[in-house]
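One structure is given here, and the rest of the page talks about it.
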Amino acid sequence: PRVAVAMGAAKSACAGGCFSGLRTVRKQVDADWLDPFSDASAAAAQKAEPLRVAVAGAAGQIGYALLPMIASGEMFGKGQRVILQCLDLNLPQVIENMRGLEMELQDGDFPLLREAFFTVDDAKAFKDADYVILLGAFPQQEGKERREIMEKNTMIFRTMGHAIETCASKECKVLTVAHPACTNSLLCAYYAPSRPKESFFGLSRLEQNRVAGQIAQRASASADDVRNVAVWGASPSARRADLDTCTVKGKPLFSALYKEDDRKWLEQELAPEVLQRGASIHKARKATCALSAARAIVGHMRDLHCGTRPGIFSSMGVWSDGNEYGIAGGLIFSMPVVCEGRGRWHMAGGLVVGKETRERLKEAERELIADRELARELGRKHGLQVAQMSKAAPPPAGK
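Each residue of the sequence shown is one higher than the one before, starting from 3 at the first, in the numbering used here.
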């Protein structure tokens, strides 16, 4: 509720709906916000039950980077104990990788790690899970048609959705990571029909972090100085980073980067750099961007569980019903949201969306609607009732 007040006050404080007034609002409410990494939060968290966190695809490179971050408290705050329930494929090499990772977690001296186990049984991995992180999917490959990839992912997320439906806690929140994250999240939600669609998320935080990192470097600032980058859309190629709401050290972005060459960089060079960033990292280190992907997952889940800081929003792929920006309902669509903590969130309101950004939103919307229709067709093929696929469960308490 305090966060909602901050966003509403910021809206009224700025002409045209921009967020230049966030600095004043932040001063008003910072004193009331309980930092999840403060001693007071740690004391409260230590009295709480451990959070059960299921990670599917845990034996891969992202899992290797992610699990220590969760175990050390980076995701859920100082003092919050966790139980890691890790799942991967029943293949000899994968099982060996899981065995080695389990030993490393045992040897890693993680005071907040109550337990970590690895399994090939999805029912065991998802049992009573408070949060589920789905790292894997069938990869997009050159030469493979969209329909073929969608069909393979339908089978993967059918399995995941069924396990979540039957085994996870009733308040469980589910984050899908692999591209196309919003479409894969929608697939998973379809196969867990009794769960609120508002409990399913697609990862867009990596794009947000990449934009913020590039701007920070250009402005000689830290990444934390760059706030309120709004990422709208679906797949990375169809997403749009809206910089009109962005601030650097409390100033509007276009006041911080005001020179002619800065404007040219923002308008012409930033978006291509961000789009090619994953390929550039892979070329440089001959491996995927596992570390930055893991950090994006941590940031997404930390905001979802602990709440966004006053006056700040986070970009997430969320259920689009009821939005004020003209985006079609029934989709998982990346947009700026305010998180209230313990999995509760609402869309950031009052943002002015420019003409160019709105055109890109419509492109992304068309892409996601096409994916949804293909998902429905494949759902019928695999025995899923179309009524289930279009029905949203009642929203969770507090949403």
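Note that CB positions come from ideal geometry on N, CA and C, so glycine has one too.
Since the structure is predicted, the reported quantities are computational estimates derived from the model, not experimental observations.
Residues bridged to residue i (per DSSP)
i      : result
THR178 : LEU136 and GLY204
MET349 : VAL339
ILE334 : TRP321
LEU53  : VAL84
THR249 : ARG229 and PRO254
ALA58  : LEU89 and LEU136
Contact check, residue i vs residue j, beta carbons under 8 Å
i      : j      : result
LEU103 : VAL84  : no
VAL176 : LEU137 : no
THR121 : LEU89  : yes
GLN216 : VAL300 : no
ASP264 : ARG220 : yes
ILE334 : GLY319 : yes
ASN211 : SER336 : no
TYR133 : MET303 : yes
PHE159 : TYR193 : yes
LEU208 : THR178 : no
Simplified DSSP state of residue i, which is helix, strand or coil
i      : result
GLY381 : helix
VAL31  : Because the pLDDT of VAL31 is 41, which lies under 50, any placement of that residue in the model is unreliable, and the number read from its coordinates should be weighed accordingly. If DSSP states are grouped into helix, strand and coil, VAL31 belongs with the helices.
ASP244 : strand
THR290 : coil
GLU117 : strand
GLU254 : Sequence check: residue 254 is Pro here, not Glu. Looking at PRO254 - three-state DSSP - the assignment turns out to be strand.
THR168 : helix
GLY301 : helix
LEU86  : strand
SER196 : coil
SER237 : coil
ALA45  : helix
SER316 : strand
GLU76  : coil
ARG311 : coil
Buried versus exposed, by CB contacts within 10 Å (16 or more), residue i
i      : result
GLY110 : exposed
SER201 : buried
SER222 : exposed
GLN108 : exposed
VAL57  : buried
ARG368 : exposed
VAL213 : buried
SER316 : buried
PHE78  : buried
MET105 : exposed
ARG362 : buried
ARG382 : exposed
Same chain, Cβ closer than 6 Å to residue i, neighbours up to 5 away in sequence not counted
i      : result
GLN48  : GLY81
TRP347 : VAL339 and CYS341
TRP321 : LYS199 and GLU200
THR359 : ARG242 and ASP244
Beta-carbon contacts of residue i that lie in its chain and below 8 Å, excluding the five residues immediately before and after
i      : result
MET157 : HIS384
ASP323 : LYS199, GLY331, GLY332 and ALA394
GLU76  : VAL300 and ARG304
Own chain residues within Cβ distance below 7 Å of residue i, not counting five before or after
i      : result
THR290 : GLN63 and HIS284
GLU269 : none
VAL250 : ILE217, ALA221, ALA223, ASP227, VAL228 and ALA258
C-beta neighbour in chain D for residue i, strict 8 Å
i      : result
TYR192 : Absent here is chain D; the protein component of the structure consists of one chain.
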